[in-house]
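Novice: The following block contains the structure, expressed as structure tokens.
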Amino acid sequence: MSLPLPRRTDVGLALLVILLIGVGLVMVFSASAVVAHVRFGDDYLFVRKQFIGLLIGLSLLAVTANLEFTFWRKHAATLLITSIVLLIATLVFSAGEINGAHRWINLGPLNFQTSELAKFAVSAYVAAWITTHWEKRKTIREALLPLLGVVGLVGVLMLAQPDLGTYTIIVMPVIAIMFVAGVSLRQVVVGFLALVLAGALVLIPAKDGENYRLNRIKTFVSGGNEQTKGRDYHVQQVELAIGSGGWFGRGIGKSGQKRLFLPEPHTDSVFAVAVEETGFVGGLFIIALLVAFIERCYRVALRVEDRFGMLLAVGIATWFGYQAFLNLAAMLGLAPLTGVPIPFLSYGGTALMINLAAFGVLLNISRYQRQDK
Amino acid sequence: MSTRTSYSARKHAAQQATISGSEARGGVIRLRTVTVFWALCAVGITARLGTQSIRNHEATLKEAQRQQQVVTEVQPRRGEIFIQDRATNATTVIAATVAKYRLSATPLDVKDKTGYAAQLATTFQLDAAQLSKQFERQSRYMPPIITGLSLEEVQAFVAQVNAYEKQKADEAGKRFRAITLSGDDRQGSLRFLGSTGLFIQREYGRSYPEGGMLAPLLGFINRDGKAQYGLESYYDEPLAGYSGKRLLEKDVAGNLLASLGELPAKDGQSYELTIDRSIQFEVEKQLREAVAAAGSPAGEVVVLDPSTGAVLAMASTPSFDPGKYQEVPQDQQERYLNRTTALAYEPGSVVKTLTMAAAINEGLVTKDTRNTFGETVQVDTHTIHTWSRKAFGDQSMADVLANSDNVAMVWVAEKLGSEKLDEYLRKFNIGSKTGIELPGEAGGTLKDGKKWRDIERATIAFGQGMTATPIQLAAAYGPLVNGGTYHEPYIVNAVIDENGKRTVKDNGPGEQVLKPDTSAQIMDMMVHVVDKSHNRASVAGYKIGGKSGTAQIAEDGGYRDDTYNHTFVGFGPRENPRFIVFTRIEKPDIAITGPFSERTAVPLFQKVMQFLLTYEQVPRTN
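Heads up: the protein sequence lines correspond to chains X and W, in order.
Positions 1 to 373 (this note's numbering) are the ones given, in order, by the first sequence.
Positions 374 to 995 (this note's numbering) are the ones given, in order, by the second sequence.
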């Protein structure tokens, strides 16, 4: 092994995540209490589940943060195959339809969202592939096509669930990894277009009028005229929530929109609830927190003295960054709603577990940073 | 491919993988590009957040609140009406406020539409198919499924729904969670049956636990919730209180959550009457029997406490049951009238006592003043006869009353003069409303004394050419038997406010209108009347006084020979008068009763007085 000796973990990065999770728990509680009460008669249900996810996630983090990250290069293929098997299993043994999609399999007390694991696996695999085939990374046949193939395979399984949002979350880190690795920009763009095209296939409605994804995108593209506004209730409710916020919001716990006017106040729409309750100032704080966090994640990539470590860090950072910004953009009417949660902030047990595990990998990579001059 | 890759990965794992200088520079530039890209995104997002959250904030918040909040009306609880129950030294409710519930549903929120339609149909004997059709409508509203349920009935239904849900859960192998009634009455009047989509709405209703007792005094609440007739109508506003408004948070399903603000409702106040339950019961019973026995269509009884003007019983027939007011046929609406206060009539000879009291009080006569009177007297162009068409000759004023001598009364009235007679009658409150707490009171008619012709003075002196209501006559006898004080008659003893605070009404000391000696003389004279002429009014062991009146009923400008009003107003016992009892039998069948009150109003008076003295355990004096 030619890695330098491990140094100190990036403590600042860890603190940022702790802050994000703290803010997240508060917001999840505030946003979910009514839903939990009305649907399950238990105000703390979602907070408790989130807390279980947090405990499991921290255990996973304890492992991944202390496991030399090269492990993931060695076992990238195994991990990817495992994810693919799980994705197929999800289609076959679905834990039931939630919001029109099969995304979960039942693992005892928790439903496990298999696509969360796939996010990490694909990044790790692509980073490993490019590191291994470093000299040939700019060729189409030896680099672009195989990678498109792998991503395409996972993509098809994801689209079959169907989960368009997560699909783009898998694609974006791959593009970032390829870009940072120095694959030609033209190839990256072509690859990107090809994958977007694949994604577009899912938008062709199976039956007329039953495709809410297409509707959401139509709502978004048309800029919300009266006709389409009626079509997408969710978009309208998010707008009302954010507009209710003003400068300082209506006060913590005082969101009116979370009373199920927002269909998913604690997952997709937690940011909208946060802005309604804490206003522009609170929203800005969350954005600043996320920006600081993402910048710090990329800084790990910037400083690591290992090629695979750098690419994997780029993948993880892009994953977190893209997912966060996709959610915020959707909340603010800048992107279609895809049901993507904000990492560490939104409700989602599996997501929090896998996010923490992946973050552990990132922390481990951070131990191999060059020292600041 | 995957296998090959992992093989390759392993093979290259040991290879040089650290980053060279030039490669690092390229990587740094590209990484910086990526971070700059995200930074730009963050700027864009922030700018957008600013416009979305701050611009149009007011309007958006208002629009959001329109869907998040709802104003509900908080219905006040109507006050109740109580009567005395001297037997137990307590009060008892006669017009009670009961909470009833209407069961309804928000069709969009009913999940198990056919299941619930079936449950409702079996419990309340409804049409399941029609219900489930209503549930299928894409609507938030449907007409109430059933109204007038008690809370117990609602809870029984909840229990049944739970049994049904449990069975469903067991069959599906799911965990059963019991449905409960949400919240309480504080959130307006709505309560939800868990998340079933069904809800109940409270509505206050009236119940009259004593049935038709006191109905003409009480009035009733009609099906639109409006107070009609009686005390219900007279004190409708204070009884009703006023409704409040409550601003409530609601969720998307319309469930009402926390209260954001409230304009509180004020519950109505309750009234405690002077009426005694046992006396009223007996009076109504005796009146019914007397009216039936006389073949009469109507009659009234009023029992007053002469020392205060408190009405102890007030009955009139025909009557109705306020809980079933709608059973009264359309052409018999006059049944709703309180005949003791709303209808004035020519009372006849009972007014003679009042005229005589005025003359005694003016010092013009005493009970022992004697004179000789003929069979007739000429006034203006009219000839006035004695009722018996024979002269009573030499007699005292006491005998004048006992004989009910019209000719003698003309003489007394002449001594008194129109203005004095008018003045006294008005002191006794003849000619104007008594102010009793009932709607539609009639004041009777009494022309201004200054404008009386002699014949008018003459007839008014014995109760014709003027009208009065039973309550006026009963109250007018007050000063005659209580030492000379006129008290306004009243039926409300105390008011109980919405917080349960009871305030006894102060009706003032009354107005001294006669000298005590006048009262003493006129009482002796009335006792003499009973002793000499109305033995049927006497009660063994007591000195009872009174005066009858038999008046032909004026119709079409003349008097008819066959229709009379039989009245008796009396008091007892002489030593310490406790009761004034007014009785009247309208249009008795004279083929059965004869033309005089001796067999109608008088025995009715006697029975009532007998009961009162016994019931109140008044010591015997004779």
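Using N, Cα and C, we set each Cβ at its ideal position, and we do this for glycine too.
1) Would the stretch 605 to 612 of chain W count as touching the stretch 800 to 813 of chain W if we require 3 or more Cβ pairs under 8 Å?
2) Straight-line CA distance for L867 (chain W) to L819 (chain W)?
3) Kindly indicate which residue of W:F984, W:A924, W:Y915, W:P950 has the alpha-carbon position closest to the one of N995 (chain W).
4) Rank W:T840, W:K824, W:A893 by C-alpha distance to the C-alpha of L853 (chain W) and give the top, closest one.
5) Quick one: residues in its chain with C-beta nearer than 7 Å to the C-beta of I844 (chain W), no 5 flanking neighbours on either side, listed in chain order?
6) Where does the unbroken beta strand (DSSP E) through D890 (chain W) begin, and where does it stop?
7) In angstroms with no decimal places, state the Cα-to-Cα distance between A301 (chain X) and K49 (chain X).
8) From G592 (chain W) to A683 (chain W), what distance separates their C-alpha atoms?
9) Could you have a look at G721 (chain W) and say whether DSSP puts it in helix, strand or coil?
10) Is any beta-carbon of chain X found at less than 7 Å from that of G423 (chain W)?
11) Comparing C-alpha positions only, which one of X:A124, X:K136, X:L55, X:A160 sits nearest to V92 (chain X)?
12) Straight-line CA distance for A118 (chain X) to V154 (chain X)?
13) What span of residues does the beta strand (DSSP E) with G578 (chain W) cover, start to end?
14) Would you say the stretch 748 to 759 of chain W touches the stretch 720 to 728 of chain W, given that touching needs at least three Cβ pairs under 8 Å?
15) Give, in chain order, every unbroken run of the beta strand (DSSP E) that is at least 3 residues long and sits entirely within the stretch 656 to 700 of chain W.
16) So for F248 (chain X), helix, strand or coil by DSSP?
17) Verify whether the separation of the beta carbon atoms of P265 (chain X) and V273 (chain X) is less than 7 Å.
18) Tell me which residues share the same chain as S381 (chain W) and place their Cβ nearer than 7 Å to its Cβ, disregarding the 5 neighbours each side in the sequence.
19) At a Cβ threshold of 7 Å, is S426 (chain W) touching chain X?
20) May I have a chain-ordered list of the beta strand (DSSP E) segments no shorter than 3 residues that lie completely inside the stretch 910 to 960 of chain W?
21) The alpha helix (DSSP H) with D795 (chain W) in it runs from where to where?
22) Compare the C-beta of I418 (chain W) against all C-beta atoms of chain X and say whether one is closer than 7 Å.
23) Within 7 Å of any Cβ in chain W, is that where the Cβ of G245 (chain X) sits?
24) Quick one: does V351 (chain W) have its CB under 7 Å from some CB of chain X?
25) From the DSSP output, in three-state form, read off T858 (chain W) for me.
26) By DSSP, does G617 (chain W) sit in helix, in strand, or in coil?
27) Name, please, each residue of chain W whose Cβ falls closer than 8 Å to the Cβ of G321 (chain X).
28) So, at 7 Å on beta carbons, what are the nonlocal neighbours of T832 (chain W) in its own chain, with the 5 sequence-adjacent residues on each side left out?
29) Pull up the DSSP beta-bridge partners for R564 (chain W), would you.
30) Would you report the Cα separation of V903 (chain W) and L710 (chain W), rounded to the nearest angstrom?
31) Thinking just about the alpha-carbon of each residue, which of W:R450, W:E871, W:G672, W:K639 is nearest to the one in R575 (chain W)?
32) Is the distance from the Cβ of S643 (chain W) to the Cβ of I456 (chain W) below 7 Å?
33) So with Cβ pairs under 7 Å, would you call R403 (chain W) a contact of chain X?
34) Is I833 (chain W) helix, strand or coil when you go by DSSP?
35) Please list the partners that Q440 (chain W) has in chain X, where partner means a Cβ-to-Cβ separation under 7 Å.
36) Is there at least one Cβ from chain X nearer than 7 Å to N318 (chain W)'s Cβ?
Specialist: In short:
1) yes
2) Sequence inspection shows Ala at residue 867 (chain W); the Leu mentioned does not correspond to that position. One C-alpha to the other measures close to 33 Å.
3) W:Y915
4) W:A893
5) V675, T713, T714, T807, I809, P862
6) No beta strand (DSSP E) holds D890 (chain W); the alpha helix (DSSP H) holding it covers 889 to 906.
7) 32 Å
8) 19 Å
9) coil
10) yes
11) X:A160
12) 8 Å
13) 571 to 580
14) no
15) 671 to 678, 683 to 690
16) coil
17) yes
18) Residue confidence for S381 (chain W) is low, a pLDDT of 42 falling below 50, so the modelled location carries little weight; the figure read from the coordinates is stated next. Within the same chain, S381 (chain W) has no close Cβ partners at all.
19) yes
20) 918 to 928, 931 to 945, 952 to 959
21) 791 to 800
22) yes
23) yes
24) Residue 351 (chain W) falls outside the range modelled here, since chain W spans only 374 to 995, and no answer is possible.
25) strand
26) strand
27) W411
28) G838
29) W:I573
30) 32 Å
31) W:R450
32) no
33) yes
34) helix
35) F261
36) With chain W running from 374 to 995 in the structure shown, residue 318 (chain W) is simply not present.
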